[in-house]
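The next block holds one structure in the form of structure tokens; read it before the comments.
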Amino acid sequence: MEFRPFSKKQMQALTWWCRGSPYEARSAVICDGAVRSGKTTCMGVSFVAWSFYRYSGQTFALCGKTIRSLRRNLIHLLLPILEESGFHCIQKLSENRIDISSHGKTNRYYLFGGKDESSAALIQGMTLAGVLFDEVA
Numbered sequence: 859m860e861f862r863p864f865s866k867k868q869m870q871a872l873t874w875w876c877r878g879s880p881y882e883a884r885s886a887v888i889c890d891g892a893v894r895s896g897k898t899t900c901m902g903v904s905f906v907a908w909s910f911y912r913y914s915g916q917t918f919a920l921c922g923k924t925i926r927s928l929r930r931n932l933i934h935l936l937l938p939i940l941e942e943s944g945f946h947c948i949q950k951l952s953e954n955r956i957d958i959s960s961h962g963k964t965n966r967y968y969l970f971g972g973k974d975e976s977s978a979a980l981i982q983g984m985t986l987a988g989v990l991f992d993e994v995a
């Protein structure tokens, strides 16, 4: 996969959690913009980087309209980028989860679809350190 240099807005999405960022203290980030502008890729990479910077041994959720669309729009792009960056990713397809490891840390990411109100029951009651919502607006 070939990347072009990141735009200013993409860099904000990638580094919002970093020390010295004006957004460092924020607990939520929303990216809005044109189709094919790199929002999903930047947010996915940033979310995993943030989760490893802040936590180890924790559980997170990656949510999309459906698990299938989440895999197509985020996971299939994100995992190769992470692996090229030195992360080790193990998918458990039957459990809709991915275990990601780097530098002695491992975090677990569950995949959820949320196409209607009944989907909330699948995630309700879980203790999560963070959640990424893709295409939920």
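Quick note: to get this note's numbering, add 858 to the position in the sequence shown (first position is 1). Beta carbons are placed, not taken as given, at the ideal position from N, Cα and C, and that holds for glycine. This one's a predicted model, so the numbers in the text were calculated from it and none came from an experiment.
- Top-ranked residue by Cα proximity to G972, from G962, D957, L990 and L951: Your numbering for residue 972 matches position 114 in the sequence shown. Across the set G962, D957, L990 and L951, the C-alpha of L990 shows the shortest separation from the C-alpha of G972.
- Query: Looking at the structure shown, is N954 part of a helix, part of a strand, or coil, going by DSSP?
  - Reply: By 1-based counting over the sequence shown, the position of residue 954 is 96. Correct three-state label for N954: coil.
- State whether the stretch 864-877 contacts the stretch 927-944, with contact taken as three or more CB pairs (one from each stretch) at a distance under 8 angstroms. Remark: fewer than three beta-carbon pairs, one from each stretch, lie closer than 8 angstroms, so the stretch 864-877 and the stretch 927-944 are not flagged as touching.
- Which residues in the same chain as F864 place their Cβ atom closer than 8 angstroms to its Cβ, once the five residues preceding and following it in sequence are excluded? Counting from one through the sequence shown, the residue named residue 864 turns up at place 6. L872, G896 and C900.
- How many angstroms separate the CA atom of L980 from the CA atom of L969? Walking along the sequence shown from the start, residue 980 turns up at place 122. Walking along the sequence shown from the start, residue 969 turns up at place 111. Across the structure, L980 and L969 are spaced so that their CA atoms are roughly 10 angstroms apart.
- Message: Taking the alpha carbon of C1002 as the reference point, which residue from F905, R877, G878 and C876 has its own alpha carbon closest?
- Response: Because the chain in this structure spans residues 859 to 995, residue 1002 falls outside the shown range and cannot be described.
- Message: What residue range does the beta strand (DSSP E) around K963 cover?
- Response: Here residue 963 refers to the residue found at position 105 of the sequence shown. Per DSSP, K963 belongs to the beta strand (DSSP E) from K963 to G971.
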